[in-house]
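See below for the structure under consideration.
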Amino acid sequence: MNWWILILIILAVLALFMILLLCTRLYISISYIHEKDKDLLTIQLQFWRFIRIHRQMSIDDVKEQPASFQKWNQDEKGNGEQSNVFHRFQKLKNQLEFIRQAFPIAKEFIQKIRITEFYWSTHIGIEKDAAITGVISGLLWSIKGSLTGLMYQNMNVLTQPQINIQPNFQRDLINTHLQCMLSFRIGQAMYAILQIARYQNQSEQTKE
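Mind the numbering: the sequence shown is residues 1 to 208 in the working numbering, read in order.
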């Protein structure tokens, strides 16, 4: 009898832990800095206040292809150019179709994401060409404004985004700093992932 009570207590504790985990809000801090041809990406995950996962990486490291990928790419070149191009096109077409049909599921989750910090500053300059510098600055204002509008439409924005563009007419320059803090409940993310995985399985079964 005592063993049954112990098992029930353990199951109850596990159930409470799972409920707590699913209701926990995960905070993600993203920082991207581009300066002097160097790109630095920093990501920090935090939940339950005292648990933090921090990762900092250079974009140049991400761009490097693994040896296995390089070998696969070389093998593909020897398998016939036309067949390879058709295969890639068909694969891309299927991926785009899947994204289009699964977007409503992802959108439902995206609308639950909270934005609590958004800072984006850019310094841009073309030496001895004020006209082009002005045109590029105006284009960047348009792009940033459009992205901010999409963010307001599809996410729960709880802060005033800080957007800044500073043209420099004295020298060639392009520096940017993006800082963003977002959060969502782990259960919401898991539910969206399961829904997308379920939809993908149904799509594959339909094709078969």
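Where a beta carbon is used, it is the ideal one built from N, C-alpha and C, also for glycine.
This structure is a prediction, so every number in the text was calculated from the model and none was measured.
Taking the continuous alpha helix (DSSP H) assigned at residue 17, which residues delimit it? 2 to 23
Cα-Cα separation between residue 108 and residue 133, rounded to whole angstroms: 39 Å
Where do the ends of the alpha helix (DSSP H) carrying residue 151 lie? 130 to 154
Does the beta carbon of residue 14 sit closer than 8 Å to a beta carbon anywhere in chain D? The chain labelled as chain D is not found in the depicted structure, where only one protein chain is given.
Please look up how many angstroms separate the CB atoms of residue 57 and residue 117, rounded, as I've assumed it's under 8 Å. About 21 Å; that fails the 8 Å criterion.
If the criterion is Cβ atoms closer than 8 Å, does the pair residue 33 and residue 123 meet it? no
Are the CB atoms of residue 184 and residue 49 within a distance shorter than 8 Å? no
Going by DSSP, which residues form a beta bridge with residue 52? 46
Is the beta carbon of residue 173 sitting closer than 8 Å to the one on residue 138? no
Mapping DSSP to helix, strand and coil, what is residue 104? helix
Is it true that the CB of residue 22 sits closer than 8 Å to the CB of residue 187? yes
Take residue 27 and list the residues in its own chain whose beta-carbon comes closer than 6 Å to its own, dropping the five residues that flank it on each side. 46 and 183
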